[in-house]
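Here the structure is laid out as structure tokens; the discussion comes afterwards.
Protein chains: 2
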Amino acid sequence: MSTIEGCSIEQASARTGVPAHTLRYYERIGLLAPVPRGPGGRRRYTEDDLGWVRFLTLLRQTDMPIRDMQRFVDLTRAGDATVPQRVALLRAHREALVERLDLLQHHLGAITTKIDVYEGLLPPDACVEPSTPAADDRTALALTDGSPR
Amino acid sequence: MSTIEGCSIEQASARTGVPAHTLRYYERIGLLAPVPRGPGGRRRYTEDDLGWVRFLTLLRQTDMPIRDMQRFVDLTRAGDATVPQRVALLRAHREALVERLDLLQHHLGAITTKIDVYEGLLPPDACVEPSTPAADDRTALALTDGSPR
DNA sequence: TGTTGACTTCGAGTGCACTCCAGCTCCTAC
DNA sequence: GTAGGAGCTGGAGTGCACTCGAAGTCAACA
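In structure tokens:
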């Protein structure tokens, strides 16, 4: 064994994009099992740890509440018998995500329309961008918003 | 004039999906200009007010911070001269939204893959769903996550 | 040998976006 | 005329997910 196994918390942070503070926090609340310690009681993150952190990050970035993530982690620790529950949890999450994506797509269209309307108001030599280059996906939406007076 | 103009806060809430509490809160922090009052000092929401509330909702649901919404509102109140700034603000927001959509799409693929992997572990008579019906968009992703030990 | 600097723990603090409460006013119906 | 209910205000409280601080430890290096 040439070097100490695993990487430091700062390296783990750099490699996952998760702040060191947050890595400790996740461990504290049980999202991460106690990370093995090296000399001086310092955390040494293995590749598995990093993979798990990345998976947690993916769940968080898709707006899964910490509470649900904890439930998922608990199920995973409980062994293979919980695979059906885990699948159910992920399926539910995926459905919510698909719905959210639909909503966001819709809103994106509305925002694009709104921008177009505003640009119609600008003088022809608009300072921001000369014209709308292939306005990608404008969902038809009335946009009957007034003004904040 | 047969009936009092505008609708009550509860009706406004029902018609926009925004809780009455939140409507008052938005007004308090200046996102909504003071809504005209009817007899007894009660709010009467006009169609314009509702339209504006819906627009605010669309911005919030696409994760625009309240702070930015306030800035947008301030610009709108400041008159037509601020149209370029408003366009810039909306453009920036749209860009962020597009990026977020990309990320979410990517994560959706990863979650779908994960579900598929889990289902591969299940006995053939899986209780949740017999098979994956046309697994829509699975982005290739390693998913080298370990387990939480 | 001292100093630097990255790490440790635990508790407290932060920022955001609501959400609720107390105590009051007002209108309507009985 | 009084009971009920919707609405009013200002301020306090909540929940979430971090984020930070203080005080201490440890290893490596000049």
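Protein sequences appear in the order of chains A and B. Mapping to this note's numbering: the first sequence position 8 is 536, numbers consecutive. Mapping to this note's numbering: the second sequence position 19 is 547, numbers consecutive. Think of the CB as a built atom: it goes at the ideal place given N, C-alpha and C, for glycine as much as any other residue.
(request) Please name the residue in A:Glu647, A:Arg614, A:Leu649, A:Ala638 whose C-alpha comes closest to that of B:Leu650. (result) The count along the second sequence starts at 1 and reaches residue 650 of chain B at position 122. Put simply, of A:Glu647, A:Arg614, A:Leu649, A:Ala638 the residue whose alpha carbon is nearest the alpha carbon of B:Leu650 is A:Arg614.
(message) Using a 10 Å radius around the Cβ and a threshold of 16 neighbouring Cβ atoms, would you call A:Gly534 buried or exposed?
(response) Mapped onto the first sequence, residue 534 of chain A falls at position 6. The residue is buried, with at least 16 neighbouring Cβ atoms inside 10 Å.
(message) Give me the residue from A:His634, A:Gly637, A:Asp602 with the minimum Cα distance to A:Leu560.
(response) Counting from one through the first sequence, the residue named residue 560 of chain A turns up at place 32. For A:Leu560, the nearest C-alpha among the options comes from A:Asp602.
(request) Measure the C-alpha to C-alpha separation of A:Leu551 and A:Pro564 and round it to an integer number of angstroms. (result) Locating residue 551 of chain A in the first sequence gives position 23, counting from the first residue. Locating residue 564 of chain A in the first sequence gives position 36, counting from the first residue. So the two alpha carbons sit approximately 13 Å from each other.
(message) So with CB distances below 7 Å, who are the chain B contacts of A:Gln598?
(response) Here residue 598 of chain A refers to the residue found at position 70 of the first sequence. What A:Gln598 touches in chain B: nothing, since even the nearest Cβ is about 10 Å away.
(request) Could you check the C-alpha separation between A:Pro658 and A:Arg570 for me, to the nearest Å? (result) Position 130 of the first sequence, counted from the start, is the residue given in the question as residue 658 of chain A. Position 42 of the first sequence, counted from the start, is the residue given in the question as residue 570 of chain A. Residue confidence is low: A:Pro658 scores 43 on pLDDT, short of 50, so the model does not pin down where it sits. Its coordinate-derived value is still stated next. Rounded to the nearest angstrom, the gap between the Cα atoms of A:Pro658 and A:Arg570 is 56 Å.
(message) According to DSSP, is A:Arg570 part of a helix, a strand, or is it coil?
(response) Taking the first sequence and counting its residues from 1, one reaches residue 570 of chain A at position 42. Here A:Arg570 sits in coil by DSSP.
(request) Find the nearest neighbour of B:Gly558 within the set B:Gln598, B:Leu636, B:His634, B:Met592, judged by alpha-carbon distance. (result) Numbered from its first residue, the second sequence carries residue 558 of chain B at position 30. It is B:Gln598.
(request) Rounded to whole angstroms, what's the CA-CA distance from B:Val611 to A:Asp644? Just pull it up for me. (result) Translated into the one-based positions of the second sequence, residue 611 of chain B becomes position 83. Translated into the one-based positions of the first sequence, residue 644 of chain A becomes position 116. Those two C-alpha atoms are separated by around 12 Å.
(message) Give me the subset of the segment 623 to 655 of chain A whose CB atoms are less than 8 Å from a CB atom of chain B, sorted by chain position.
(response) Leu625, Val626, Arg628, Leu629, Leu631, Leu632, Gln633, His635, Leu636, Ala638, Ile639, Thr640, Lys642, Ile643, Tyr646, Glu647, Leu649, Leu650, Ala654, Cys655
(request) To the nearest angstrom, report how far apart A:Tyr646 and B:Ala638 are at their CA atoms. (result) Along the first sequence, read from residue 1 onward, the residue named residue 646 of chain A stands at position 118. Along the second sequence, read from residue 1 onward, the residue named residue 638 of chain B stands at position 110. Near 38 Å, if we compare the C-alpha coordinates of B:Ala638 and A:Tyr646.
(request) Kindly indicate if chain B contains any beta-carbon less than 8 Å away from that of A:Gln589. (result) For the purposes of this step, residue 589 of chain A is identified with residue 61 of the first sequence, where counting begins at 1. True, the Cβ-Cβ gap to chain B drops below 8 Å.
(message) Between the segment 569 to 585 of chain A and the segment 618 to 631 of chain B, can you find at least three pairs of beta-carbon atoms closer than 8 Å?
(response) no
(message) In whole angstroms, give me the CA-to-CA distance for B:Trp580 and A:Leu586.
(response) Taking the second sequence and counting its residues from 1, the one referred to as residue 580 of chain B is at position 52. Taking the first sequence and counting its residues from 1, the one referred to as residue 586 of chain A is at position 58. For B:Trp580 and A:Leu586, the distance between alpha carbons rounds to 34 Å.
(message) For A:Glu623 and B:Ala542, I'd like the C-alpha separation in whole angstroms.
(response) Here residue 623 of chain A corresponds to residue number 95 of the first sequence, with the count starting at 1. Here residue 542 of chain B corresponds to residue number 14 of the second sequence, with the count starting at 1. If you take the alpha carbons of A:Glu623 and B:Ala542, they lie about 26 Å apart.
(request) Check each residue of the segment 567 to 588 of chain A: if its Cβ is closer than 9 Å to any Cβ of chain B, include it; give the result in chain order. (result) Thr574, Glu575, Asp576, Asp577, Leu578, Gly579, Trp580, Val581, Arg582, Phe583, Leu584, Leu586, Leu587
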